[in-house]
Structures are given as C-alpha cells and as structure tokens.
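Since the structure comes first, as structure tokens, the remarks are kept for the end.
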Ligand SMILES: [Zn+2]
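In the numbering used here, the protein residues as written are 587 to 1192.
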C-alpha cells in the first residue's frame, strides 16, 4: 500500500531552519534533552494530530505527555499527539540515574477570523481578484467582496458597464464568513477594455450606495498580444496552480521565442499555444511588443536529418522562433516535438547517411496551428537531447547517441556523472529525531558516491562539495553546461507534521520524463535490495533536477530521515557505503544494458 496521497515530500522544500542545537558526543554522560519538533515553544497548528520528535541519552527513559516513548539507540524518541482543543501542551520528560529533565511546548489552534459586520461598508479583506487580470472572449470575470449581510450589491466595470448584480453566498460555502457577495461578467467577442477599475457597490439604507473602487485593473483583450521570451531559463507552466515544487511545467523555452499572449492572472501571462491548448508563463520571462502584430505563426521548411559521432541532428526551417513542447515515448523509443503556430508547407525530408541514431522522422499536422515531429530512435534508450534555435529561426534538435563501452568490467570509464547532494547551507532539508539534518547526510553519501564512481572510472561533477547554499537553477545550469552524461540527485525523505513517522518509511526513486524511467527503475530496484521498504517509483515528478531532457536523471530519496530506524541507517557510515555501492552498480547496469559494446578488451569468455 502506498500512502503517497496522504503525505508530501517535505524534504524538497523545507527552507532555512536553524535548529539551534548540535549533535555532540556528550562528554560527561550527563542527562540531556533536545527537542527537534516542534521547532519553537509555541506552534500554530490546525490539524488534530501532530508528530513530535526529540533526543536524549540512549540509556535514558523518555515520556511525552506522561506516556513512555521508546528511546532508540540514536537517542531519538517520537510520538503522535492529539490536538483536539484550542491549545495542547506537549510535555517532554527524560530520566536517568535519578536525574530528570523536562520541557513544555504548546500547540495553538488558529483563531477564526472575526467577520466584519459592524458597519455597512465594503471590507477590503476579501475584494477579489486582488491583482490585475486580462481576459479574452469566452472567459468569466469573477469578483467578490465582503460587506454587510442581506443587502443589494452590484459592481461596475468602470467606463464599460454598470450595475452587474452580485449574489450573497451562503456562509457555509466560504468558511462561515457572512456578507460575501459574488458577481460574474462573461467576456464577449469584441469587448475591449484596457485597465478598468471595478467599483463595488452595496446599498446604504434608502439613500444610495457605499462604494469602493478596486486597486486592481481589468482588461479584455480582443486580440492576442505578441510577447518575446527574454531570458534563457524561461519555462511554460501547464496551469495557474502551484504546489510546493511549483506548478507543473511543460519544459523550458529558449530566449527569443515569440508567444501569443491572450490573458494575464496572478502574475502569469496566458499563452495560446494552439486552438485547443493554452499554457502560462511568469511575466518576468516575457517582454510585450508594442506594435499591433498578427498572431505569430510560420510555415515549415525542409526537415534535414544528419549526424556525427556524438549526436544526430534534426533541423527544421521556420520563419519565426515558435514555442514548442517535447515529450517522449518508450518501447519503441521516440521523441515527439509539437511546434505551435507552425503549418506544414513541404513534405520534404532529407535524411543523410550519417544519421545513424535515427530510424525515422515523421511529421503530422495535428491541428491547424500545431505541427508534430515524431522521431523514432534506433536504440532502446534515450540518452538525452536538446532543442535550440540556431541561425535565424532554424530549430535544431540534437539527439545524443548511445555511448560506446570499451570495458564491460568498468563500463563507467570516461563517463561524466553529476552527483547532486540535496540542500546545503541555510537549507537544512528535513530533520531526524536524533537531530541529524538531511543536508549533512546527502553530502556524506554524495562524497562516498563520488569516490566510488571515480574508482569505477567515471568523472564526477558535484553540484556542491561543502555545506553551502546552491540555488536549484544553478545546479541545473551547472550540469547542463558541463555536459554531464547523467545525473543522480541524493535526498532523504520526510513526512508532514500530521503523519506518523513509524508508519511511513522506505526508499523511493523519482523521474519526470518517461524516457528516463528505466534509470529510475534500476535505482529503485537497487535501493530496495538493501532491505528498505518500497516507497514507490514516481513519474511525472516536478523536481527541478528531474526537468532536464539533456541527460538521463534520477532523484533517489534514499530513506526517511523522519523514521527513527531509517535515521539510524542513513547516518551509519557502513550503510552509507552500501547506498553508494548500489547506486554505482545501478549506473553500471544502466550503461551495460543501453550502450554500444565495441571491441571490448575484457569481454568474459563464454
Ligand atoms: Zn530533500
């Protein structure tokens, strides 16, 4: 049974938390008590169960709220406590040789918001949307505010239309709040409004209306506006949603690409990719063009397929740098590139003899404005590829050839392997009850991995080599620019505050692109062979270092540092060695299964 739905991978986003404690060998064996969770004396917490964690001398006896807690060999002790009332005390007590220590922490339930019912005014508490919005025909403008219950309420789109009726919403639908009014305007073809404020109105006795003018502005766009991507780290988001790792992304998009912008909300532009598909892009990545332009589009020219010893090259001639989305398939191994705004003008395909890695390139006009290239590869594994705009608006798709192995005993000879030690510096990652921090454990394992990989003949790129803070974008760029052949990211997992750390444990491997699933699968099997529980093989995972298409990559969540038994394993140097050994063995297996094996000097006798 997987319980992924109930949890979250807290280790990936926990930010700067300084524990204010260090793990020290206690020199005089005197009794100590370190509380790890909660991290402050008073915590505002709204759920009914909360996990606490602390550590003491391994030989001590520990109690949490009077109940005895098992003290592990690391000194860790944990408990789940009920938080049913407005406040819950958490009393930690430890005893040893007639000595005792105790400390009390507190959980507090958040106070419900007081409704603003005293005056007949419009509260700015709930005026929405709250930031500027651009809409296109067919979309709905939804507004709301909070005011005195039981009145007539309206809104105006200033300079455009007046007195659109608003309805009072049942308090049950809005968290018990009274006097919440909502209204909607459906944008029609031809509606054109630029930067209009909204005036909210609520009846004031018999005399008239109280009014409040919004600070946000509304625009209706009758036609798309053309924007240009101005950075080289831009990406397209699938939707407006966000989660802890950021909203789901389609992938990166190069500088200079032109986009048809049809809307704006929550700091993101809406991008029309095709008749049936929209995407979103953060505003900071785009500069709008001033001129009135036709929507960006292009006819496609010839498709040329060639290659050299390292990669195959597919070159598509376009007249504009258009947005694209790339996906892959496995069994058989394919790369798919959808180019938006492109329409086929030719069916020429020129394939040169040098393009050994490509079995076929086919195109299809999926929609009027969506041109799809399907590239079938000759080998079983996608080793990574890149998409760039070269001279003018020529799209270059470079696909790596499988490596050639000259030693089956040391298949990693000459390979460039990137090892990413998760977190670092002010970003501690997740915490174990014995007081160990994820950032230290990941660095220890990564250093062992580096040494073993080098012994196996590989060249290793470390995204960090000490306890320093390295941005995720830096880690990503570093591995792409150094032309890493493959990346392994090392983390330890953790659970949320409402989950039981004894129930949730095990090892997990994560990938985003289906093309790199085989690597994640091998790592997962290798890690479970260490006797760790299976926490699952997870795909479509939205982690920054699972995003590159340029090389196979995998995130290894070695084990749960929040589970006291796994914390002991993760901080044991023998076990850390074993983890590194399994990862190296997994990489060797991956290379042996998917490379060309040529003129091997050490091929075993049959
Ligand atoms: Zn982590």
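C-beta atoms are modelled at their ideal positions from N, C-alpha and C, and glycine is treated no differently.
Exercise for review: Tell me where the alpha helix (DSSP H) around residue 1103 begins and ends.
Suggested key: 1103-1114
Point to revise | Simplified DSSP assignment, three categories, for residue 794 | key: strand
Practice item. Label residue 636 either buried or exposed according to how many other C-beta atoms from any shown protein chain fall within 10 Å of its C-beta, with 16 as the threshold for buried. Key: buried
**Study point:** Close beta carbons around residue 673, own chain, < 8 Å, minus the five adjacent residues each side
**Key:** 692, 693, 694 and 695
Check your understanding: Under the three-state reduction of DSSP, which class applies to residue 1177: helix, strand or coil?
Key -> helix
Point to revise | Contact under 9 Å by Cβ, residue 959 with residue 985 | key: no
Check your understanding: At which residues does the beta strand (DSSP E) containing residue 635 begin and terminate?
Key -> 635-642
Practice item. Report the option in 1133, 1078, 1143 and 1136 whose CA atom is closest to the CA atom of residue 1107. Key: 1143
Practice item. Return yes when the C-beta of residue 535 is under 8 Å from any heavy atom of ligand 1, and no when it is not. Key: Outside the shown range of the chain (587 to 1192) lies residue 535, about which nothing can therefore be said.
Review point. Buried or exposed: which applies to residue 826, given that a residue is buried once 16 or more other Cβ atoms fall within 10 Å of its Cβ?
Key: exposed
**Study point:** When 1057, 652 and 715 are compared against residue 785, the one with the closest alpha-carbon
**Key:** 715
Practice item. Compute the minimum distance between the beta carbon of residue 1163 and the heavy atoms of ligand 1, and state whether it is under 8 Å. Key: no
Review point. Do you know whose CA, among 956, 617 and 1134, lies nearest residue 1059's CA?
Key: 1134
Review point. Comparing the CB of residue 1015 with every heavy atom of ligand 1, is any distance shorter than 8 Å?
Key: yes
Practice item. Quick one: give me the first and last residue of the beta strand (DSSP E) that residue 667 is part of. Key: 662-668
Check your understanding: Shortest alpha-carbon distance to residue 1051 belongs to which of 1043, 1070 and 1030?
Key -> 1030
Practice item. Specify whether the region 997-1007 and the region 1039-1051 touch according to this definition: at least 3 beta carbon pairs, one from each stretch, less than 8 Å apart. Key: yes
Review point. Tell me, which residues are paired with residue 823 by DSSP?
Key: 835 and 866
Review point. What residues in its chain sit with their C-beta under 7 Å from that of residue 966, if we drop five residues either side in the sequence?
Key: 919 and 1180
Review point. Excluding sequence positions up to five away, which residues of its chain have a Cβ less than 6 Å from the Cβ of residue 1127?
Key: 1096 and 1098
Review point. Would residue 789 pass as a contact of residue 708 if the rule is Cβ separation under 9 Å?
Key: no
Check your understanding: Are residue 924 and residue 871 touching if we call contact CB-CB under 9 Å?
Key -> no
Review point. In the DSSP assignment, what are the bridge partners of residue 731?
Key: 767
Review point. Sorry if obvious, but does the Cβ on residue 575 come closer than 8 Å to a heavy atom of ligand 1?
Key: There is simply no residue 575 to check, as the chain begins at 587 and stops at 1192 in what is shown.
Review point. Residue range of the beta strand (DSSP E) that residue 845 falls in?
Key: 844-851
Review point. What residue from 1094, 1119, 1102 and 1103 has the CA that sits closest to residue 1110's CA?
Key: 1094
Exercise for review: Buried or exposed for residue 1112, please, with buried defined as at least 16 other CB atoms from any protein chain shown within 10 angstroms of its CB.
Suggested key: buried
**Study point:** Validate contact between the region 833-847 and the region 887-903 using beta carbons, cut 8 Å, 3 pairs
**Key:** no
Check your understanding: Quick one: Cα of residue 1056 to Cα of residue 821, how far?
Key -> 20 Å
**Study point:** Buried versus exposed call for residue 650 [16 or more other C-beta atoms within 10 Å across all chains shown]
**Key:** buried
**Study point:** residue 971, buried or exposed, once every other Cβ within 10 Å from all chains shown has been counted against 16
**Key:** buried
Check your understanding: Is residue 728 closer than 9 Å to residue 1021 when the C-beta atoms are compared?
Key -> no
Review point. Do the region 1145-1163 and the region 1071-1083 meet, that is, are 3 or more Cβ pairs less than 8 Å apart?
Key: yes
Check your understanding: Going by beta carbon distance, what residues of the same chain come within less than 8 Å of residue 942, once the five residues before and after it are set aside?
Key -> 893, 898, 964 and 987
Check your understanding: With 16 other CB atoms within 10 Å as the buried threshold, where does residue 1061 fall?
Key -> buried
Exercise for review: Note down the Cα distance separating residue 1023 from residue 1014, rounded to an integer number of angstroms.
Suggested key: 6 Å
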